[in-house]
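Worksheet: one structure, shown below.
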Amino acid sequence: SNTTASAAERAQDAVNNERLQSAIAALAAFGGRDDGGVSRETLTPIDLAARRHLIDYARSLGCEVGIDDCANLFFRRAGTSDRTPVLTGSHADTQPVGGKLDGAYGVLAGLEVIAALNDAGIRTVRPIEVVAWTNEEGSRFGPGTMGSSAFVTPSLLDGYRQSVDKDGIVMGDALDAALKEVPDVPRRAMALPMEAYVELHIEQGPVLERANAALGVVTGIQSVRWYRVVCTGMAAHAGTTPMDERSDAMAAAMAIATQLYARADQEAAHNIRLTLGRWHVGPNSINTIPGEVEFTIDVRCVDAAVLDRFERFLQDVTSQHAWRGNITFENLFYRAPTAFPQPMLDLIEKACTRASDLAQRGAPKKVTSGAFHDAMYMADHCPTGMIFVPSKDGISHNAAEETAPADLYLGVQALAYTMVELANR
Ligand code: HGY
Ligand code: MN
Ligand code: MN
Ligand code: MN
């Protein structure tokens, strides 16, 4: 009857903010930094310790734990049936210098939904699973979203295992070590059918805060492309080599980079986003002309045609740069724009509206995600959606990343409603 609260409403109301906040603080301790940030790059010893902590916490909530060949961790709460589960979660790895919320919040939110269901004595029809994806960030081993993309397309895993980090460690070895650490966790298949996937995440940008919106209904994710540019000249003596006889790789790299930024300025109206985030200079000595300079390109836009134009420009400037040396670029990561299905948006909007009304906050706001997420690959696998909470000053991928506790709490309430609705369909 419509007088008794529905299971989804009871679940939403059973979310416990104190438990949520202490779970966030407990996980943040793994790789916690003095400045309040977190350094927990994927498959490092710190990440493995955090994984063990999550396994123990999930088991304390009565979950069954499983792990797949890409070390994606799944925490499963049984339903009254064995129908296809509904999935939530995010990633537990961080940037080299990240915050305590990017990824971690979505994993812990899923576990808090399970804890709330336990408290409220609610059994859903479908099992509910919470996932901690491996290597969403892609900063240690490229590309990003390795765990979720391999889950959806397992044939990708062999290529991913060849990835090498800056210290020469091979991803496959790090992965095998991570799997060896958890002999008590049964292995499970990849690409398992899922009824739906919903990911709760911080916005990592300024849109919700500026609109004074407590919750975001994410309509889609912009396209992202990563490249590596390598300028190969000739190392030589800084003092003896005449300027007109040099193959200075830094001079070439700077010329290319300057043209790329200028190109991005010309596309500003399309909201293109260009980042040249990681540089390597060889031999990196004050008195040797750089023989090799390598830099990465992260370029994003909601309009893929803008990125196509950018790639053609990159092709032109690297092939036409007149100098004695050589310039190459290679594709590291490519994802077309993602759009989430309308029925999922409608459900999420309903969940967000109830939560924010009860908290006397403004209506939820529809937003496109500037950051990429594991949800972009899950969207190829099953009906998928995302919920955002605001980021203070729009800052993320920075130790200062922060979201008000009340907003974090509201996000989990919206997730609880959404997951129970989906699990009872
Ligand atoms: O780069 C991204 O968009 C994600 O936060 N890793
Ligand atoms: Mn993230
Ligand atoms: Mn991130
Ligand atoms: Mn010398």
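For the sequence shown, counting from 1, position 43 maps to 46 in full-length UniProt numbering; every step adds exactly one. Just so you know, even glycine gets a beta-carbon here, dropped at the ideal spot from N, CA and C. Small disclaimer: the values here were computed from a predicted structure and weren't measured.
By alpha-carbon positions, which one of the options ends up nearest to residue i?
i         : options                : result
T235      : G328, K183, Q207       : G328
D349      : P367, T87, Q363        : P367
residue 2 : A216, P99, D319        : The structure shown does not extend to residue 2, since the chain is modelled only from 4 to 428, so the question has no answer here.
R71       : M193, A199, L418       : Just to set this straight, residue 71 is Asp in the shown sequence, not Arg. Comparing Cα-Cα distances from D71 to each of M193, A199, L418, the minimum goes to M193.
K369      : A74, A8, L211, C66     : L211
Y420      : T87, T91, A28          : T91
T341      : I351, A307, S322, L335 : A307
L203      : T97, Y60, R315, F391   : F391
T127      : R13, S151, C73         : R13
G102      : M149, R129, E184, E206 : E206
D85       : I131, P157, T7, A239   : I131
A123      : T371, G242, D16        : D16
G294      : D268, R303, H283, D301 : H283
L277      : S93, V305, D251        : V305
A119      : R281, G397, R22, A265  : R22
P88       : I259, L114, R129, C66  : R129
T83       : E115, A61, L51, I125   : I125
Taking 7 Å as the cut-off, does the CB of residue i come closer than this to any heavy atom belonging to ligand 3?
i    : result
H283 : no
A374 : yes
Q318 : no
Q98  : yes
H400 : yes
Specify, as a first and last residue, the run of the alpha helix (DSSP H) that residue i falls within.
i    : result
A135 : Premise fails: A135 lies in the beta strand (DSSP E), 131–136, not in any alpha helix (DSSP H).
N20  : 20–31
R62  : 48–63
E212 : 210–213
R338 : No alpha helix (DSSP H) holds R338; the beta strand (DSSP E) holding it covers 329–338.
M381 : 378–381
G162 : 160–164
A14  : 10–17
Between which two residues does the beta strand (DSSP E) carrying residue i extend?
i    : result
A258 : Where A258 is concerned, there is no enclosing beta strand (DSSP E), although the alpha helix (DSSP H) it sits in stretches over 252–269.
L104 : Unbroken run through L104: none, as it is neither H nor E.
V233 : 226–235
A199 : 199–205
R276 : 276–278
T371 : 368–372
What do you get for residue i, buried or exposed, if any count of 16 or more other CB atoms within 10 angstroms of its CB means buried?
i    : result
Q225 : buried
S63  : exposed
Q416 : buried
N5   : Low per-residue confidence applies at N5: pLDDT is 49, beneath 50, and the placement is therefore not dependable enough to give any value.
S166 : buried
M246 : exposed
E140 : buried
N399 : One point to set straight first is that residue 399 is Ser, not Asn, in the sequence displayed. That one is buried.
G109 : buried
R428 : exposed
L104 : buried
R164 : buried
Y380 : buried
Quick one: grab the DSSP three-state call for residue i.
i         : result
H94       : strand
M149      : helix
S4        : Note that S4 has pLDDT 39, beneath the 50 cutoff, so the model's placement of it is unreliable and no number is given.
T321      : helix
A239      : strand
D349      : helix
C304      : strand
I70       : strand
residue 2 : Outside the displayed range of the chain (4 to 428) lies residue 2, so it cannot be described from this structure.
M174      : helix
L76       : strand
D410      : helix
E295      : strand
I398      : coil
F154      : helix
K169      : coil
R315      : helix
G219      : strand
A426      : helix
M246      : helix
V100      : coil
G40       : coil
H283      : strand
Quick one: does the C-beta of residue i sit closer than 7 Å to a heavy atom of ligand 2?
i    : result
E139 : yes
D50  : no
D360 : no
G106 : yes
H204 : yes
H94  : yes
Given 7 Å as the limit, tell me if residue i has its C-beta closer than that to any heavy atom belonging to ligand 1.
i    : result
G147 : yes
Q225 : no
Q207 : yes
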